[in-house]
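Step one of this worksheet: look at the structure below.
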Amino acid sequence: MFEARLVQGALLKKVLESIKDLLNEATWECAATGISLQAMDSSHVSLVALNLRSDGFDKYRCDRNVSLGMNLTNMAKIMKCASNDDVITIKAQDDADTVTFVFETPNQEKISDYEMKLMNLDTEHLGIPDTDYSCIVKMPSVEFQRICRDLSQIGDSVVISCTKEGVKFSAAGDLGTGNVKLAQNANVDKEEEAVVIEMQEPVSLTFACRYLNSFTKATPLAPQVQLSMSSDVPLVVEYKLEDMGYVRYYLAPKIED
Amino acid sequence: STTQGRLDGFFKVL
Numbered sequence: 008m009f010e011a012r013l014v015q016g017a018l019l020k021k022v023l024e025s026i027k028d029l030l031n032e033a034t035w036e037c038a039a040t041g042i043s044l045q046a047m048d049s050s051h052v053s054l055v056a057l058n059l060r061s062d063g064f065d066k067y068r069c070d071r072n073v074s075l076g077m078n079l080t081n082m083a084k085i086m087k088c089a090s091n092d093d094v095i096t097i098k099a100q101d102d103a104d105t106v107t108f109v110f111e112t113p114n115q116e117k118i119s120d121y122e123m124k125l126m127n128l129d130t131e132h133l134g135i136p137d138t139d140y141s142c143i144v145k146m147p148s149v150e151f152q153r154i155c156r157d158l159s160q161i162g163d164s165v166v167i168s169c170t171k172e173g174v175k176f177s178a179a180g181d182l183g184t185g186n187v188k189l190a191q192n193a194n195v196d197k198e199e200e201a202v203v204i205e206m207q208e209p210v211s212l213t214f215a216c217r218y219l220n221s222f223t224k225a226t227p228l229a230p231q232v233q234l235s236m237s238s239d240v241p242l243v244v245e246y247k248l249e250d251m252g253y254v255r256y257y258l259a260p261k262i263e264d
Numbered sequence: 313s314t315t316q317g318r319l320d321g322f323f324k325v326l
């Protein structure tokens, strides 16, 4: 039997919104330690890895590991039926071919349940190597979203260049060019407004705007985003979920011809 | 110009 109850059900709605652009279907791996999901998009350019720790749920029971393969478009349809202040419970029997979502209003006066068919997905699990990154940038997630949105008006790609002084985002296209520079700025009133750069050596990498914009669907999940970069390895864009886990995206850089 | 790289090869299939 698997059962996970989240009083802050809106969080689950936001997690789904943050991945459904990139993935049509994925397997939620449920274990005693929590729920995880790892999947590449169909073109194998980006990878989503997320983890929701069991202790972040208000009730969590997982007698044995279960893999819940879901069509995420269908899951999103069901999640839209939950209000933002609903308590959400996910339930599945061992070896079941369906999953049940229960939505309760805070006053318990309305309880809805939706049963969804599971899919048998041929999921291959990937080992993600530990990497010492040349540059790690922490910045406000809304700022990153804004920059990705603005520069995608200019071109298809964004060059992210990081030095000790700051980080620069650049785009070029038929209409001209755009550059956004952010200086390191740790002395701010609110921690979430800080721009912090940990640099071993400067890097400059090119990434597709389309994917970066998809990643920023996770913005409502965290006030800060962390970008980890090294030459010729995938960019990691991480949103930490408070007391719960993370949503991470990996993106292969564009290569100079 | 640039071409989009892929993730295959960066991660090992377990």
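Heads up: the sequence lines are chains S and W, in that order. Numbering-wise, my numbering comes out as the position in the first sequence, counting from 1, plus 7. Numbering-wise, my numbering comes out as the position in the second sequence, counting from 1, plus 312. Note that beta-carbon positions come from the ideal geometry of N, C-alpha and C, so glycine has one too.
Status (buried if at least 16 other CB within 10 Å, exposed otherwise) for residue i
i, result
"residue 88(S)", "exposed"
"residue 20(S)", "buried"
"residue 233(S)", "buried"
"residue 156(S)", "exposed"
"residue 326(W)", "exposed"
"residue 235(S)", "buried"
"residue 92(S)", "exposed"
"residue 86(S)", "buried"
"residue 223(S)", "buried"
"residue 195(S)", "exposed"
"residue 113(S)", "exposed"
Nonlocal neighbours in the same chain, by C-beta distance under 7 Å from residue i, ignoring five residues either side
i, result
"residue 226(S)", "148, 149, 152"
"residue 159(S)", "216, 220"
"residue 28(S)", "221, 224"
Opposing strand residues paired with residue i [DSSP bridges]
i, result
"residue 44(S)", "57(S)"
"residue 233(S)", "145(S), 245(S)"
"residue 316(W)", "261(S)"
"residue 164(S)", "215(S)"
"residue 324(W)", "134(S)"
"residue 169(S)", "174(S), 210(S)"
"residue 156(S)", "According to DSSP, residue 156(S) bridges with nothing at all."
6 Å Cβ shell around residue i - same chain, five flanking residues per side excluded
i, result
"residue 170(S)", "209"
"residue 45(S)", "56"
"residue 247(S)", "229, 253"
"residue 177(S)", "166, 186"
"residue 96(S)", "12, 109"
"residue 206(S)", "142, 171"
"residue 121(S)", "85, 108"
8 Å contact criterion, which residue i and residue j should meet: CB distance rounded
i, j, result
"residue 266(S)", "residue 145(S)", "Missing from the structure shown is residue 266(S); chain S here goes from 8 to 264 and no further."
"residue 52(S)", "residue 201(S)", "Wrong, their Cβ atoms sit about 30 Å apart, outside the cutoff."
"residue 79(S)", "residue 133(S)", "No, residue 79(S) and residue 133(S) are not in contact; Cβ-Cβ is about 18 Å, not under 8 Å."
"residue 75(S)", "residue 99(S)", "6 Å"
"residue 77(S)", "residue 126(S)", "6 Å"
"residue 173(S)", "residue 190(S)", "4 Å"
"residue 72(S)", "residue 38(S)", "5 Å"
Sequence-distant residues of its chain with Cβ nearer than 8 Å to residue i (five each side left out)
i, result
"residue 251(S)", "18, 59, 60, 63"
"residue 34(S)", "44, 46, 74, 75, 76, 77, 128, 130"
"residue 180(S)", "161, 162, 163"
TODO: Jot down the residue ranges of each uninterrupted beta strand (DSSP E) in the region 201–228 of chain S, minimum 3 residues, whole runs only, in chain order.
DONE: 203–206, 210–215
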